[in-house]
Amino acid sequence: MSQANPPGRPLLASALGGLGLLAGMVLIAEGGRRLPPDPPSIAPAQGADHLKAASHAPPHDARPGRSARKVAADLIAPPPLDPSGIERTEPRPPLGELGLAPRPKTPMPRDWRETLLFRPVATSSAVFEAMGRTVAISGTVDIDPDRTCTFDNTAWPCGQRARAAFNAWLRGRALKCLLPPDADRFAIAAPCALGKQDVGAWLVSNGWAMAAPTGIYGKAEMAARNARMGIFGPPQ
Numbered sequence: 023m024s025q026a027n028p029p030g031r032p033l034l035a036s037a038l039g040g041l042g043l044l045a046g047m048v049l050i051a052e053g054g055r056r057l058p059p060d061p062p063s064i065a066p067a068q069g070a071d072h073l074k075a076a077s078h079a080p081p082h083d084a085r086p087g088r089s090a091r092k093v094a095a096d097l098i099a100p101p102p103l104d105p106s107g108i109e110r111t112e113p114r115p116p117l118g119e120l121g122l123a124p125r126p127k128t129p130m131p132r133d134w135r136e137t138l139l140f141r142p143v144a145t146s147s148a149v150f151e152a153m154g155r156t157v158a159i160s161g162t163v164d165i166d167p168d169r170t171c172t173f174d175n176t177a178w179p180c181g182q183r184a185r186a187a188f189n190a191w192l193r194g195r196a197l198k199c200l201l202p203p204d205a206d207r208f209a210i211a212a213p214c215a216l217g218k219q220d221v222g223a224w225l226v227s228n229g230w231a232m233a234a235p236t237g238i239y240g241k242a243e244m245a246a247r248n249a250r251m252g253i254f255g256p257p258q
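Take a look at the structure:
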């Protein structure tokens, strides 16, 4: 004979099955809470059509010889000007003579040589005699010994005073002049120096001679006039 099942076992099985189902439902609910949220949706890129069109646009040709593309010509380009309203003015004078190019020197003949002339004697403000030669200082205008000058309505013998000033400055010292070999037969204009001092520059800057129109002492004469030096000043 088979043994009969105890009457309490079916009820226990049913209770255990219900508890298992309930536990499964609780686990599912907790697992749903702990899952990460869904990733944010990525919006499609804006201007896709524009990028597509730009990708198919021909590249800019930067090779030389082609005209450049104008960008905002109304803002960048200079405004139109009327040529009739433009006036040309004189250039600004230089701030100093340091950066000015020196005047080109006049080439001298090859047979001219620097010659020492001893015991020079001034015959006028820019002419002297020495060793049988008569030399006028080139680049200057001589003041005649008979000339008179007027300063503040006062006349005075400026020509004689200019010759005396030249003699006093020379004091019989030798002058070095650039002369041709046959200069003893006629008077000649030549550049001279006393030591390292340019004779013409000294005469003009002190007002005892005037600058020749084509010479290099124009600024020296203007300075002497402004300072009222020599013949441009009061009687001496």
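Numbering (this note's numbering), first residue to last: 23 to 258.
Glycine included, every Cβ here is placed at the ideal spot set by N, Cα and C.
Could you give the uninterrupted runs of the alpha helix (DSSP H) lying entirely in the region 179-245, keeping only those of 4 residues or more? If we require 4 residues or more, the alpha helix (DSSP H) runs fully inside the region 179-245 come out as 180-192, 221-227.
Quick check: what's the CA-CA separation for Leu-138 versus Glu-112? The sequence position of residue 138 within the sequence shown is 116, counting from 1. The sequence position of residue 112 within the sequence shown is 90, counting from 1. Leu-138 and Glu-112: Cα-Cα distance of roughly 45 Å.
Tell me whether the region 172-185 and the region 193-207 touch, counting them as touching only if at least three CB pairs, one residue from each stretch, are closer than 8 Å. Not touching, per the Cβ criterion.
When Gly-46, Leu-103, Trp-230 are compared against Arg-169, the one with the closest alpha-carbon: For the purposes of this step, residue 169 is identified with residue 147 of the sequence shown, where counting begins at 1. Of Gly-46, Leu-103, Trp-230, the residue nearest in Cα terms is Trp-230.
Residue from Gln-219, Pro-167, Thr-156 with nearest C-alpha to Ala-187: Here residue 187 refers to the residue found at position 165 when the sequence shown is read from its first residue. The candidate whose alpha carbon is nearest that of Ala-187 is Pro-167.
Determine the direct distance from the alpha carbon of Gly-237 to that of Phe-173, and round the result to whole angstroms. Residue 173 sits at position 151 when you count from the first residue of the sequence shown. Residue 237 sits at position 215 when you count from the first residue of the sequence shown. Whole-angstrom Cα-Cα distance: 26 Å.
Measuring only the C-alpha atoms, how far is Arg-250 from Asp-204? Your numbering for residue 250 matches position 228 in the sequence shown. Your numbering for residue 204 matches position 182 in the sequence shown. So the alpha carbons of these two residues sit roughly 39 Å apart.
Please confirm whether Pro-257 and Trp-191 have their CB atoms less than 7 Å apart. Indexing the sequence shown from 1 puts residue 257 at position 235. Indexing the sequence shown from 1 puts residue 191 at position 169. By the CB criterion at 7 Å, Pro-257 and Trp-191 fall outside the cutoff.
Report the rounded CA-to-CA distance for Ala-158 versus Arg-114, giving the unit in angstroms. Taking the sequence shown and counting its residues from 1, one reaches residue 158 at position 136. Taking the sequence shown and counting its residues from 1, one reaches residue 114 at position 92. In a straight line, the C-alpha of Ala-158 is about 36 Å away from that of Arg-114.
Is the separation between the beta-carbon of Tyr-239 and that of Val-226 shorter than 7 Å? Residue mapping note: residue 239 aligns to position 217 of the sequence shown, counting from 1. Residue mapping note: residue 226 aligns to position 204 of the sequence shown, counting from 1. Yes, they are a contact pair.
Taking Ala-148 as the reference, give the member of Gly-107, Phe-208, Pro-213 with the closest Cα. Numbered from 1 along the sequence shown, position 126 holds the residue referred to as residue 148. Ranking Gly-107, Phe-208, Pro-213 by Cα distance to Ala-148 puts Pro-213 first.
Three-state class that DSSP yields for Ala-177 in the structure shown: For the purposes of this step, residue 177 is taken as the residue at position 155 of the sequence shown. Note: Ala-177 maps to strand in three-state DSSP.
Own chain partners of Arg-247 with C-beta closer than 6 Å, once the 5 adjacent residues on each side are dropped: Numbered from its first residue, the sequence shown carries residue 247 at position 225. Setting aside the 5 residues that flank it on each side, Arg-247 is surrounded in the same chain by Phe-254, each with a C-beta closer than 6 Å to its C-beta; the list follows chain order.
Measure the alpha-carbon distance for Ala-144 versus Lys-241 and round it to whole angstroms. The residue given as residue 144 occupies position 122 in the sequence shown. The residue given as residue 241 occupies position 219 in the sequence shown. Distance between the alpha carbons of Ala-144 and Lys-241 is about 24 Å.
Hey, how far is the Cα of Glu-109 from the Cα of Met-244? Here residue 109 refers to the residue found at position 87 of the sequence shown. Here residue 244 refers to the residue found at position 222 of the sequence shown. Glu-109 and Met-244 have their C-alpha atoms some 30 Å from each other.
Would you mind working out which of Ala-196, Arg-135, Lys-218, Met-47 sits nearest Phe-150, comparing C-alpha positions? Walking along the sequence shown from the start, residue 150 turns up at place 128. The shortest Cα separation from Phe-150 among Ala-196, Arg-135, Lys-218, Met-47 belongs to Ala-196.
Once the 5 residues before and after Ala-223 are set aside, which same chain residues still bring their CB inside 7 Å of it? Taking the first residue of the sequence shown as 1, we reach residue 223 at position 201. The beta carbon of Ala-223 lies closer than 7 Å to those of Tyr-239, Ala-242 in the same chain, with the five residues before and after it left out.
With DSSP run on the structure shown, which of helix, strand or coil describes Leu-73? The residue you call residue 73 lines up with position 51 of the sequence shown. Residue confidence is low: Leu-73 scores 48 on pLDDT, short of 50, so the model does not pin down where it sits. Its coordinate-derived value is still stated next. In the displayed model, Leu-73 falls within a helix according to three-state DSSP.
Beta-carbon proximity check, Ser-160 vs Ala-209, cutoff 7 Å: Against the sequence shown, residue 160 aligns to sequence position 138. Against the sequence shown, residue 209 aligns to sequence position 187. For the 7 Å CB-CB criterion, Ser-160 and Ala-209 do not form a contact.
Mark Arg-193 as exposed unless 16 or more other C-beta atoms lie within 10 angstroms of its C-beta, in which case mark it buried. What you label residue 193 is simply residue 171 of the sequence shown in a count that begins at 1. By the neighbour-count rule (16 or more Cβ atoms within 10 Å), Arg-193 is not buried but exposed.
Can you tell me whether Ala-45 is buried or exposed, with buried defined as 16 or more other CB within 10 angstroms of its CB? Locating residue 45 in the sequence shown gives position 23, counting from the first residue. By the C-beta density criterion, Ala-45 is exposed, having fewer than 16 other C-beta atoms within 10 angstroms.
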